[in-house]
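*Asks:* Using the numbering used here, read the sequence shown as starting at 6 and increasing by one per residue.
Glycine included, every Cβ here is placed at the ideal spot set by N, Cα and C.
Predicted model only: the values in this text are computed from it and were never measured.
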Amino acid sequence: MSTLRRRLSVLGRFFSVCLALVAVAPKGAHCDHDSNPSVAPDTERTCNANEIREDKKILPLILEPKATSISFKCAADSTALEPAENQVFVDEICSISQQLTQACATASLERGTSPTETHTLKVNTKPAQDTHLYFKCKAANVSAPRVGGGGSFGNPQSEKKDCIVKITVKGVSPATIVPTAHICDPKEQTDDSVNLKEVTLEADKQSIDFSCGNEAGAQLTPATSLKKFCTDEGCQEQKELSSVWSDAALTTAGSGAATSYTLSIRSERKEDKDIYYKCSVPASNKTKVEEDGATGKEKSCVLKITVKSGETSLAAALMAVSSCLVGQIILGLLSF
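#1: Would you identify the three-state DSSP class for T185, choosing helix, strand or coil?
#2: On the DSSP bridge list, what partners appear for D214?
#3: Output the distance between the C-alpha atoms of K175 and A133, rounded to the nearest integer angstrom.
#4: Where does A352 land, buried or exposed, given buried means 16+ other C-beta within 10 angstroms?
#5: Between which two residues does the beta strand (DSSP E) harbouring L308 extend?
#6: According to DSSP, is L319 helix, strand or coil?
#7: Could you tell me the distance, in whole angstroms, from the CA atom of H187 to the CA atom of L138?
#8: Just checking my contact of E351 with S314 at CB under 8 Å: how many whole Å lie between their CB atoms?
#9: For A89 versus C168, is the C-beta distance shorter than 8 Å?
#10: By the 10 Å Cβ neighbour count, where 16 or more other Cβ atoms means buried, how is T118 classified, buried or exposed?
#11: Am I right that G357 and P184 are in contact with their C-beta atoms under 8 Å? What's the rounded C-beta distance?
#12: Kindly examine the ligand SAH and report whether one of its heavy atoms sits closer than 7 Å to the Cβ of G218.
#13: Under 8 Å between the Cβ atoms of L64 and R50?
#14: CA-CA distance, Q194 and L268?
#15: Looking at P287 and G239, is the spacing between their C-beta atoms short of 8 Å?
#16: State yes or no: is the C-beta of V128 within less than 8 Å of the C-beta of A112?
#17: Between the beta-carbon of S83 and the beta-carbon of A144, is there less than 8 Å?
#18: For the stretch 75-116, list the beta strand (DSSP E) runs that are entirely contained and at least 3 residues long, ordered along the chain.
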């Protein structure tokens, strides 16, 4: 009886070891419930001086780093949106105006047909620091009759005031330092071959950084604002990132030739998936080709990102546990 107890005790210890292997198995294939909730886009706001208690009639809006646009309207009694088209005020009292693209390089304003209709500010690439942009909803010029006596007597009624829309475009940090192995440098191709760069988002990682090199004019396809990826090397077909991973996001940091990109996926990955992006530099114009002796062909590089699911490593761990259990059971039986 004591021998049987010892054998059962040994089997119990081995079983505990096998359970420990399960406990430390990779968690990459499971959903992360601590992930940040998706950021809801800013709702449309109306600049109405009568609804703002402060002396300065300012409606503050914030364009967050992950957002590319924000909308607003002027109140029903507004007569104009100032300054003129393609201009923006850069001070709180709206006394200094300049070109919108001078104040914020990639900004554009889609104006409604009237002040009271929707105006949408779009910023494709965020500045390095917070930038403040101002627009004025001009109030109607209303004479203020006097109360308590009429004519030139009595107390004047309060006059309508202009309402200022203050949009803070949140800056982004400088470009991420991307590993050399993750840089897809566009090059001219002399044959039908593809300049392919392959990287892997491992199962235990939630993001991967990459860039299109540092050549001026380099472009990424699909653009980050589209929230898509290519399904093949030739980028003939594009799909939504959310069609594969619910919370997948592609963001940028830096600007111009110093732009870097980050693909983030926190949700469950059910299977391995290959996705593609294309880095390209448009062909040189004819004059530059003649001067530099260049061929004038487009430079390109295709980035293949293999997103690992973690299922393989998890299955391997479970197989090891199963083998361990079976082996110990057989060993125990043979010992009797």
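*Replies:* Inspection of the coordinates gives the following:
#1: helix
#2: T267
#3: 8 Å
#4: Residue numbering for the chain in the displayed model covers 6 to 341; residue 352 lies beyond these limits and cannot be assessed.
#5: 304-312
#6: For L319, the predicted model reports a pLDDT of 48, less than 50, meaning its position is unreliable; a value from the coordinates is still stated below. Correct three-state label for L319: helix.
#7: 36 Å
#8: This structure cannot settle anything about residue 351, because the visible part of the chain is limited to 6 through 341.
#9: no
#10: exposed
#11: No answer is possible for residue 357: the residues shown for the chain start at 6 and end at 341.
#12: This structure does not include the ligand SAH; it has no bound ligands of any sort.
#13: yes
#14: 27 Å
#15: no
#16: yes
#17: yes
#18: 83-87, 92-94, 102-104, 112-115
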